[in-house]
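Please read the structure below before turning to the comments.
Residue numbers (this note's numbering): 26 to 668.
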């Protein structure tokens with residue numbers, strides 16, 4: 026495989042960059058079927074491997090999605106394959122290539138190397154593509170961004186397929202950062218009106234969108250260098266242009282989900298309104314890590330008016346969202362008919378599905394062995410890197426019961442952040458020296474992706490992979506100044522993690538609101554702070570008995586709160602957190618701060634680093650059971666945590 030890859034990449038580059046030959050239109054009455062395939066939110070999970078647990082994980086990985094792709098290509102003579110974004114960030118492999126042993130200019134990023142071999146036809150850009158900064162993104166995508174702060178004398182190796190993004194612009198040039206769209210000309214097999222086999226060309230226009238909220242989430246990288254426009258505004262500008270240039274089909278690759286709130290140009294999940302833009306034939310969605318179509322889905326975004334969660338339609342537009350981490354492959358099958366000038370879609374025959382890598386018997390499709398072979402060197406180097414020792418722990422740190430109060434995997438993160446901010450204030454911000462310093466953290470892994478999707482750091486020696494398990498993302502450490510009212514509002518928003526429980530109901534009630542991500546359930550783990558969460562009350566009215574050192578917190582009392590750049594800059598839509606309250610924007614990531622703290626502490630103990638519970642549920646009697654789900658066989662951990 027190592028010797029054949031340059032040939033494969035070279036062929037792909039020719040296919041993308043060679044000038045298109047004038048294609049004769051398919052004869053009138055000709056028919057064909059075209060399957061549009063989607064991957065999304067791969068987050069650098071190239072192979073089914075958990076770098077935190079140093080173990081194979083068969084439920085994830087592009088290596089298994091590759092088998093689904095091969096299966097779809099065997100079923101459909103004509104396919105195009107697109108990726109939705111959030112591709113290059115999200116696990117230890119991504120961090121290793123971006124931060125530890127930075128990929129060289131002439132070297133193709135591991136996941137792009139595999140995608141080249143799988144012959145992707147195009148991709149869009151997700152919000153997490155910006156996490157490592159514009160210089161890195163420009164390099165690994167093979168671009169030369171014309172933005173301030175990016176000094177790139179030559180074009181580097183990148184993906185062998187077009188990447189499109191229509192709503193992010195350079196401040197310097199006022200031009201799109203990436204090409205906004207591309208019309209991909211694809212040779213397809215079909216049948217003429219007399220039933221004879223023909224070969225013709227279909228022009229598939231792809232246009233990409235990312236959440237405009239990247240401007241707050243990655244403010245430190247983007248402010249003053251790029252700006253965004255609304256998703257709908259960008260679509261209304263470019264889709265008619267794509268049609269004029271001959272696109273038979275327009276596929277919107279939108280890194281976002283659905284939101285029926287009143288539209289604004291800053292809307293994070295604008296797919297609900299994008300579907301109404303004239304000329305959009307299909308939507309490939311992502312970002313929210315959900316599955317669509319899915320008739321059984323309880324996700325609010327898929328139960329909106331005009332959304333058919335069984336057929337995969339949004340206002341009549343075929344739409345797919347292929348979950349995350351390679352767990353599914355999205356597929357939209359178009360039946361095409363030629364009118365003598367162009368291909369048209371027989372809309373009533375369109376089929377939409379998301380194919381799972383897990384079989385009905387709970388087994389998984391076999392991985393494509395060429396994938397691991399292509400990135401074996403990077404994969405093995407990452408494994409060695411994450412084994413680097415940093416300290417030890419006398420207790421097991423997990424998030425199996427973090428949603429119900431176990432601080433074992435959260436307290437050390439909060440302690441590290443608090444210590445860093447206190448030290449910084451003492452040296453640089455004496456005006457805040459008398460203010461209490463708190464820290465907020467959340468469980469990034471709380472079972473959303475399955476029973477394996479929890480932080481689980483065993484007692485014993487701690488290595489870098491354990492620190493990465495405790496703090497998943499390379500967020501920068503920030504600190505904000507809030508008052509008591511703002512602190513309560515912050516905690517009220519976090520408490521939306523829970524459903525409203527009716528004490529009089531006799532039937533089982535689910536405790537966790539699955540539509541509210543665990544990474545937005547910020548909690549304090551500090552003996553000085555105490556509060557209760559009353560889940561029988563509606564959202565916004567749940568925080569009770571908020572105290573500091575046993576005394577009620579005054580609404581005007583001021584605090585410094587350690588958090589991350591995402592939250593401080595508006596991520597999660599927490600009241601008052603919009604970037605204006607930031608007093609510290611550290612160049613260090615929370616993970617780096619955590620590693621330094623553990624190295625200095627040398628040994629962690631439960632009493633000192635894993636037992637401080639700031640919050641509890643307000644006592645309530647219910648007529649029926651309230652149900653909380655976690656991984657099987659872990660109940661003893663709840664008992665150890667005193668729950």
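For each residue, glycine too, the CB sits at the ideal point set by N, CA and C. Here the structure is a predicted model, which means the values were calculated and not measured.
* Should residue 574 be labelled buried (16 or more other beta-carbon atoms within 10 Å of its own) or exposed? -> exposed
* Asked: Residues in its own chain within less than 8 Å of residue 539 by CB, not counting five upstream and five downstream?
  -> In chain order, 323, 324, 473 place their CB closer than 8 Å to the CB of residue 539, counting only its own chain and leaving out the 5 sequence neighbours on each side.
* For residue 403, three-class secondary structure by DSSP -> helix
* Asked: For residue 85, which option in 392, 668, 507, 547 has the closest C-alpha, if you only look at C-alpha atoms?
  -> 392
* Around the C-beta of residue 103, are 16 or more other C-beta atoms found within 10 angstroms, so that it is buried, or is it exposed? -> Within a 10 Å sphere around the beta-carbon of residue 103 sit 16 or more other beta-carbons, which makes this residue buried.
* With 16 as the cutoff for other CB atoms within 10 Å, does residue 567 come out buried or exposed? -> buried
* Buried or exposed for residue 654, please, with buried defined as at least 16 other CB atoms from any protein chain shown within 10 angstroms of its CB. => exposed
* Cβ neighbours of residue 449 in the same chain (closer than 8 Å, five flanking residues each side left out) -> Apart from the 5 residues on each side of it in sequence, residue 449 sits with its Cβ closer than 8 Å to the Cβ of 504, 609, 611 in its chain, given in chain order.
* Let me know the alpha helix (DSSP H) ranges lying completely inside the stretch 410-479, each 4 residues or longer, listed in chain order. => 436-453
* Asked: Does the Cβ of residue 214 have 16 or more other Cβ atoms within 10 Å, making it buried, or fewer, making it exposed?
  -> exposed
* By how many angstroms is the C-alpha of residue 622 removed from the C-alpha of residue 456? -> 25 Å
* residue 120 burial status per 10 Å Cβ neighbour count (16 or more: buried) -> buried
* Would DSSP call residue 658 helix, strand or coil? -> coil
* Asked: Taking contact to mean at least 3 C-beta pairs separated by less than 8 Å, is the stretch 351-359 in contact with the stretch 79-97?
  -> Because the criterion of three Cβ pairs below 8 Å is met, the stretch 351-359 and the stretch 79-97 touch.
* To do: Please determine, among 530, 551, 156, 662, the residue with the shortest C-alpha to C-alpha distance to residue 645.
  => 530
* Asked: Can you pull the DSSP bridge partners for residue 515?
  -> Per DSSP, none; premise fails for residue 515.
* To do: Specify, as a first and last residue, the run of the beta strand (DSSP E) that residue 613 falls within.
  => 607-614
* Report the rounded CA-to-CA distance for residue 664 versus residue 424, giving the unit in angstroms. => One C-alpha to the other measures close to 14 Å.
* Starting from residue 244, trace the alpha helix (DSSP H) both ways and give me its first and last residue. => 244-247
* Touching or not, the stretch 232-240 and the stretch 275-284, by the rule of three or more beta carbon pairs under 8 Å? -> Three or more Cβ pairs drawn from the stretch 232-240 and the stretch 275-284 lie within less than 8 Å of each other, which places the two stretches in contact.
* To do: Return the first residue and the last residue of the beta strand (DSSP E) that residue 682 is part of.
  => In the structure displayed, the chain extends from 26 to 668; residue 682 sits before or after that span and is not available.
* **Inter-residue CB distance, residue 411 and residue 493 (contact presumed, cutoff 8 Å)** => Correct: roughly 7 Å between the Cβ atoms.
* Could you tell me which residues DSSP pairs with residue 333 in its beta bridges? => 338
* To do: Look up residue 110 in the DSSP assignment and say whether it is helix, strand or coil.
  => If DSSP states are grouped into helix, strand and coil, residue 110 belongs with coil.
* Asked: Helix, strand or coil for residue 263 per DSSP?
  -> helix
* Best match in 490, 116, 476 for proximity to residue 482 [C-alpha to C-alpha] -> 490
* Contact check, residue 558 vs residue 520 under 8 Å by CB: the rounded distance? -> 5 Å
* Backbone CA spacing between residue 551 and residue 591 [nearest angstrom] -> 22 Å
* **For residue 157 and residue 126, believed in contact at Cβ under 8 Å, the rounded distance** => 14 Å between Cβ atoms; not a contact.
* For residue 315, three-class secondary structure by DSSP -> coil
* Pull up the DSSP beta-bridge partners for residue 651, would you. => Beta-bridge analysis with DSSP links residue 651 to 534.
* Do residue 17 and residue 185 have their CB atoms nearer than 8 Å? -> Here the chain covers residues 26 to 668 and nothing more, so residue 17 does not appear.
* To do: From the DSSP output, in three-state form, read off residue 327 for me.
  => helix
* Does the stretch 137-156 come close enough to the stretch 104-113 to have 3 or more Cβ pairs within less than 8 Å? -> yes
* Residue from 318, 68, 506 with nearest C-alpha to residue 593 -> 506
* Asked: How should residue 435 be labelled, buried or exposed, when 16 other C-beta atoms within 10 angstroms of its C-beta is the threshold for buried?
  -> buried
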